[in-house]
């Protein structure tokens, strides 16, 4: 799995790993049942500490995106559908929409970018 990490970003590395896995699942690049690299292997490939990858995997597990098995390692799964976004997710989405607006994106451009995630998964 190719990770593009930004070591200059204020976003913690473990969060970047988590976010990239979630986006890959949403876009269909990672499918349920697919095995993720072992913690040490991903850490070595990404040039980060194994504890950083472990923290990302634990977060993904707690959110329902991963299950772990002693033999299979970390395996992708889909979280149970919920009644919507959490307050934190809603706040992050509103902030992202605000940033897009301030960056000059029109509503149509923003919605088209958001829709791309759905199209890639469904297509």
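Residue numbers (the working numbering): -9 to 113.
Virtual Cβ for every residue (Gly too), placed ideally from N, Cα, C.
If you check the beta carbons only, do residue i and residue j fall under 8 Å apart?
i: residue 66; j: residue 15; result: yes
i: residue 8; j: residue 49; result: yes
i: residue 6; j: residue -5; result: yes
i: residue 28; j: residue 63; result: yes
i: residue 31; j: residue 39; result: no
With a threshold of 6 Å on Cβ separation, who are the neighbours of residue i within its own chain once the five nearest residues in sequence on each side are excluded?
i: residue 113; result: With a pLDDT of 48 at residue 113, under the threshold of 50, the modelled position of this residue cannot be trusted; read the value that follows with caution. Around residue 113: no qualifying Cβ.
Bridge partners for residue i per DSSP, in chain order?
i: residue 25; result: 65
Residues in the same chain with beta-carbon distance under 7 Å from residue i, minus the five sequence neighbours each way, listed in chain order, please.
i: residue 69; result: 53, 54, 55
The stretch 38 to 46 contacting the stretch 56 to 72, beta-carbon criterion three pairs below 8 Å: No: the two stretches stay apart, fewer than three of their Cβ pairs being nearer than 8 Å.
Beta strand (DSSP E) segments (min. 3 residues) lying fully within the stretch 42 to 86: DSSP runs (the beta strand (DSSP E)) wholly in the stretch 42 to 86: 56 to 59, 63 to 66.
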